[in-house]
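Taking this note's numbering, the leading residue of the sequence shown gets 55, the next gets one more, and so forth.
The beta-carbon is built from N, C-alpha and C at its ideal position, and this holds for glycine as well.
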Amino acid sequence: MSVKQISATARTQVGKGAARAVRREGKVPAVIYGAGKPPVSIALDAKEANRLVYAGHFLTTVFEIEVDGAKTRAIPRDYALDPVKDNVEHVDFLRIDAGSRLRVDVPVHAVNASASAGVKRGGAVNIVTHSLTVLAPADNIPDAIDVDVTALDINDSIHVSQIKLPEGVSYVGQDDATLVSIVPPVGEEAAPAAEGAEPAEAAKK
Numbered sequence: 055m056s057v058k059q060i061s062a063t064a065r066t067q068v069g070k071g072a073a074r075a076v077r078r079e080g081k082v083p084a085v086i087y088g089a090g091k092p093p094v095s096i097a098l099d100a101k102e103a104n105r106l107v108y109a110g111h112f113l114t115t116v117f118e119i120e121v122d123g124a125k126t127r128a129i130p131r132d133y134a135l136d137p138v139k140d141n142v143e144h145v146d147f148l149r150i151d152a153g154s155r156l157r158v159d160v161p162v163h164a165v166n167a168s169a170s171a172g173v174k175r176g177g178a179v180n181i182v183t184h185s186l187t188v189l190a191p192a193d194n195i196p197d198a199i200d201v202d203v204t205a206l207d208i209n210d211s212i213h214v215s216q217i218k219l220p221e222g223v224s225y226v227g228q229d230d231a232t233l234v235s236i237v238p239p240v241g242e243e244a245a246p247a248a249e250g251a252e253p254a255e256a257a258k259k
């Protein structure tokens, strides 16, 4: 997994008023915390921050943040959006050390859908669990958990226990979560119910 570089400037003032002033300058207030060190308040370029967030995988991307020549490796833990404009308003970064493992939510992707017998018969891929909470090495966080649905027919499904996670990655949930299933074509399940209703109508007469 590649580490992305990002530049920031140090902030000496904190609080809501200071944050608003930073945003007026075209920047996004942020903070770097964790690893037993004091939090550091920084400001990111607003256009760059919005580009990174909306590019996807933001919360599973490791960044090397340069502030006044000093570089800190960190991963975004949370961010806030303006409720009206959807612009990034704040970002929280967690410092990480080499060799550390992080709890992250990784998106689940279904792959090889066109080869699935169920899809060929008119079924549709249903991603039941859209993201999986895992422990992963800080320097090797997967962009996604790929689930191969080639062998699935209609009404078949794949659970966590049936897939091989990337090296060093482990599932932290207690249940054997259903990840992906193949659902029948629309209306296929409704037909038997409609037929079963006929005797009931006749009984009323």
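C-beta contact flag for residue i and residue j at 9 Å
i    : j    : result
A124 : S95  : no
G177 : V237 : yes
V160 : S185 : yes
V82  : R127 : no
V234 : V182 : yes
H163 : I217 : no
S171 : P220 : The residue you asked about is not Ser; residue 171 is Ala in the sequence shown. No; because the gap between Cβ atoms is not below 9 Å, this pair is not in contact.
D151 : A97  : no
L106 : I129 : no
S61  : V121 : yes
I212 : T232 : yes
Span of the alpha helix (DSSP H) around residue i
i    : result
L106 : 100-108
V240 : Neither: V240 is in no alpha helix (DSSP H) and is coded neither H nor E.
V76  : 70-78
V138 : That residue, V138, is in no alpha helix (DSSP H); it is neither H nor E in DSSP.
A205 : Here A205 belongs to no alpha helix (DSSP H), and DSSP marks it neither H nor E.
G172 : 171-174
Residue interval of the beta strand (DSSP E) (run including residue i)
i    : result
A198 : That residue, A198, is in no beta strand (DSSP E); it is neither H nor E in DSSP.
V160 : 155-165
A190 : 185-191
S211 : 211-213
Beta-bridge pairing of residue i - partner residues as DSSP gives them
i    : result
I86  : V94, F147
A231 : Looking at the DSSP assignment, A231 forms no beta bridge with any residue, so it has no partner.
I60  : I119
V179 : I236
T66  : Its beta-bridge partners do not exist; DSSP assigns none.
A124 : V121
Residue-chain proximity (residue i, chain B), Cβ-Cβ < 9 Å
i   : result
G71 : Protein chains in the displayed structure number just one, and chain B is not present.
Proximity winner among the options, relative to residue i (alpha-carbon distances)
i    : options         : result
E102 : R78, V142, Q228 : V142
R131 : G88, A100, V240 : G88
- Task: Would you check if there are 3 or more beta carbon pairs closer than 8 Å linking the segment 108-118 to the segment 129-149?
- Result: yes
- Query: Taking three-plus beta-carbon pairs below 8 Å as touching, is the segment 203-210 in contact with the segment 125-142?
  - Reply: no
- If we count Cβ pairs, one from each stretch, closer than 8 Å, do we get three or more for the segment 62-77 versus the segment 105-115? no
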